[in-house]
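Enquirer: One line per chain: the protein sequences are A and B, in this order. The first sequence: position 260 = 260 (the numbering used here), numbered continuously. The second sequence: position 31 = 1031 (the numbering used here), numbered continuously. Take this structure, written in structure tokens, and hold onto it; I'll ask about it next.
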Amino acid sequence: MNDEQRLAAAYWSLLRAYPAAYRRERGEEIVSVLLEDARPGQRWPTATQALDLIGGGLRRRLGLWRFVAPAGVRVAGGAALALAAGLSLFWLTGYEVHGEPMWEQAEPAFGPFESTSPVMYAAWLATVAALCLFGRYGRRLTLLSLSVTWGMNAIVGYFLWAGPAEDLRTALLLLGLVALAAPARPTRRQRLAIGCGALGAAAIAWVGGWWAAHTPGSEIVLHEAKVGAGVAALATLLVAIGLAVDGRLPASRRSRAVSLALIAAPLSLPVFWLTVLLNSA
Amino acid sequence: MHEPTFLILTALATGPLHGYAVMQEVATLSSNRVQVRASTLYDALDRLTADGLIEVSGEEMVGRRLRRFYRLTDAGGDTLRAEVLRLRSNADLAAGRLRAAGLAAGLLLPAVPQ
Chain A
1 MNDEQRLAAA YWSLLRAYPA AYRRERGEEI VSVLLEDARP GQRWPTATQA LDLIGGGLRR
61 RLGLWRFVAP AGVRVAGGAA LALAAGLSLF WLTGYEVHGE PMWEQAEPAF GPFESTSPVM
121 YAAWLATVAA LCLFGRYGRR LTLLSLSVTW GMNAIVGYFL WAGPAEDLRT ALLLLGLVAL
181 AAPARPTRRQ RLAIGCGALG AAAIAWVGGW WAAHTPGSEI VLHEAKVGAG VAALATLLVA
241 IGLAVDGRLP ASRRSRAVSL ALIAAPLSLP VFWLTVLLNS A
Chain B
1001 MHEPTFLILT ALATGPLHGY AVMQEVATLS SNRVQVRAST LYDALDRLTA DGLIEVSGEE
1061 MVGRRLRRFY RLTDAGGDTL RAEVLRLRSN ADLAAGRLRA AGLAAGLLLP AVPQ
């Protein structure tokens, strides 16, 4: 098998993400395009090509191939990314560094931290930092952060450490899924909005956590962590909708309503989750 | 109309092209600013075909590779023409206002109606 045949076989393997009928109809044509686009001597698909084909296959299976993500969904993706990074910063600085563990049956300490969760927080902070500084790598790092969060959920859950913290990790997982819709190559203004959004969400969460800590009857640190997260989530949803209303939506009332629904719908699940945490704290 | 869709229709305006040639032409037309990947290209080609704006005009085998050619339909030409008029009208409007504000250095400006 020569290099080109090996590469073609690898593309065909990735095309298994597509429905079989579509693969039969268009597979040969798509593989031909990919082979023409390959570098001389290339033996394996690049990471970008692999992600592209897997994403394309999922879109096709879910019937989303006709759907061009409108601005509303991208606003929701950017807001979710900012909120994920903001909450990571809040939990990292508030409870992990020389702080108190958020739950009683905490997992073993991890270096200077109270638990292994900072690995996951660092991934989300690095994603937003890279996107804001370089304006790229956002999609790949979001996928990486999602994998880290999912992996930590599985590993920590398996060893039954830190039961209550699973809610926090699930919220990050949901936010990360929505964050996949964030602009892959954001403009300078969008980068600034995501960076400031992350810092703003962390600041609002700190205020919420402080308020919870000074409310009579709340003695558990986890309570503050959850209340802070819930307050930040609601504020982010309102800011995202506010940004979209501020001259960025279509003029007609019906189109505006559709766009607002597109912003609120993907964000509402993680925000709902975080506000449920607020009540259960 | 989204920019990649506009550029794909523009690429096909001068004659039929196969998938890889469309990818290259879109990159050239946009000075490499817009680079469509394979899945995005085929989503767009399928959308435009379903909407009747482009159609398959033929196939050929080059070695062991299949090339399928696409061309603009009459409806596709009309849609592209309407989009060009809309963009030109918006650009003229913005340029006129920039000139009125003395900020139009470097722009080729339309004549101001008297």
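Yeah, the Cβ is synthetic: ideal placement off N, Cα and C, and Gly gets one too.
Does the separation of the CB atoms of A/A205 and A/G228 fall below 7 Å?
Expert: On the first sequence, position 205 is the one that residue 205 of chain A refers to. On the first sequence, position 228 is the one that residue 228 of chain A refers to. It is a contact, given that the beta carbons lie within the stated cut-off.
Enquirer: Over what stretch of residues does the alpha helix (DSSP H) that includes B/A1023 continue unbroken?
Expert: Along the second sequence, read from residue 1 onward, the residue named residue 1023 of chain B stands at position 23. The question names Ala, but residue 1023 of chain B is Met in the sequence shown. That run of the alpha helix (DSSP H) goes G1019 to L1029.
Enquirer: I'd like the span of the alpha helix (DSSP H) that includes B/Y1070, first residue to last.
Expert: Here residue 1070 of chain B corresponds to residue number 70 of the second sequence, with the count starting at 1. B/Y1070 -> not in any alpha helix (DSSP H); beta strand (DSSP E) instead, spanning R1065 to L1072.
Enquirer: Measuring alpha carbon to alpha carbon, tell me which residue in A/L168, A/G56 and A/V75 is nearest A/A66.
Expert: For the purposes of this step, residue 66 of chain A is taken as the residue at position 66 of the first sequence. Reading off the sequence shown, one finds Arg at residue 66 of chain A, where the question assumed Ala. Comparing Cα-Cα distances from A/R66 to each of A/L168, A/G56 and A/V75, the minimum goes to A/G56.
Enquirer: Using alpha carbons as the reference points, say which of A/A171, A/T170 and A/V75 lies closest to A/Q190.
Expert: Taking the first sequence and counting its residues from 1, the one referred to as residue 190 of chain A is at position 190. Per the Cα distances, A/V75.
Enquirer: Quick check: A/Y271 and A/A233, are their CB atoms within less than 7 Å of each other?
Expert: Walking along the first sequence from the start, residue 271 of chain A turns up at place 271. Walking along the first sequence from the start, residue 233 of chain A turns up at place 233. In the sequence as displayed, the identity of residue 271 of chain A is Val instead of Tyr. For A/V271 and A/A233, yes; Cβs fall inside 7 Å.
Enquirer: Whose Cβ in chain E lies nearer than 7 Å to the Cβ of B/A1091?
Expert: This model lacks chain E altogether; the protein chains it does include are A and B.
Enquirer: Quick check: the stretch 25-34 of chain A against the stretch 1056-1072 of chain B, are at least 3 beta-carbon pairs closer than 8 Å?
Expert: With a cut-off of 8 Å, the stretch 25-34 of chain A and the stretch 1056-1072 of chain B count as touching, because enough Cβ pairs lie within range.
Enquirer: Please confirm whether B/P1004 and B/V1036 have their CB atoms less than 7 Å apart.
Expert: Locating residue 1004 of chain B in the second sequence gives position 4, counting from the first residue. Locating residue 1036 of chain B in the second sequence gives position 36, counting from the first residue. Closer than 7 Å, so yes.
Enquirer: DSSP three-state label for B/T1010, please.
Expert: As a working mapping, residue 1010 of chain B is identified with position 10 in the second sequence. Correct three-state label for B/T1010: helix.
Enquirer: Measuring CB to CB, does A/L14 end up less than 7 Å from A/G27?
Expert: As a working mapping, residue 14 of chain A is identified with position 14 in the first sequence. As a working mapping, residue 27 of chain A is identified with position 27 in the first sequence. Contact flag unset, no.
Enquirer: Please list the terminal residues of the continuous alpha helix (DSSP H) segment that includes B/M1061.
Expert: Position 61 of the second sequence, counted from the start, is the residue given in the question as residue 1061 of chain B. Taken as a continuous stretch (DSSP letters only), B/M1061 belongs to no alpha helix (DSSP H), being part of the beta strand (DSSP E) at I1054 to V1062.
Enquirer: Let me confirm a value: A/L62 is counted as buried when at least 16 other C-beta atoms fall within 10 Å, else exposed. Which label applies?
Expert: The residue given as residue 62 of chain A occupies position 62 in the first sequence. So A/L62 ends up on the exposed side.
Enquirer: CB B/E1083 to CB B/M1023, shorter than 7 Å?
Expert: Mapped onto the second sequence, residue 1083 of chain B falls at position 83. Mapped onto the second sequence, residue 1023 of chain B falls at position 23. Going by C-beta atoms, B/E1083 is not nearer than 7 Å to B/M1023.
Enquirer: List, in chain order, every chain A residue whose beta-carbon is nearer than 7 Å to that of B/R1068.
Expert: In the second sequence, residue 1068 of chain B corresponds to position 68, counting from 1. Here the neighbours are E29.
Enquirer: Which residues in the same chain as A/R23 place their Cβ atom closer than 7 Å to its Cβ, once the five residues preceding and following it in sequence are excluded?
Expert: Sequence index remark: in the first sequence, residue 23 of chain A carries index 23 (1-based). Closer than 7 Å at Cβ, skipping near neighbours: L15.
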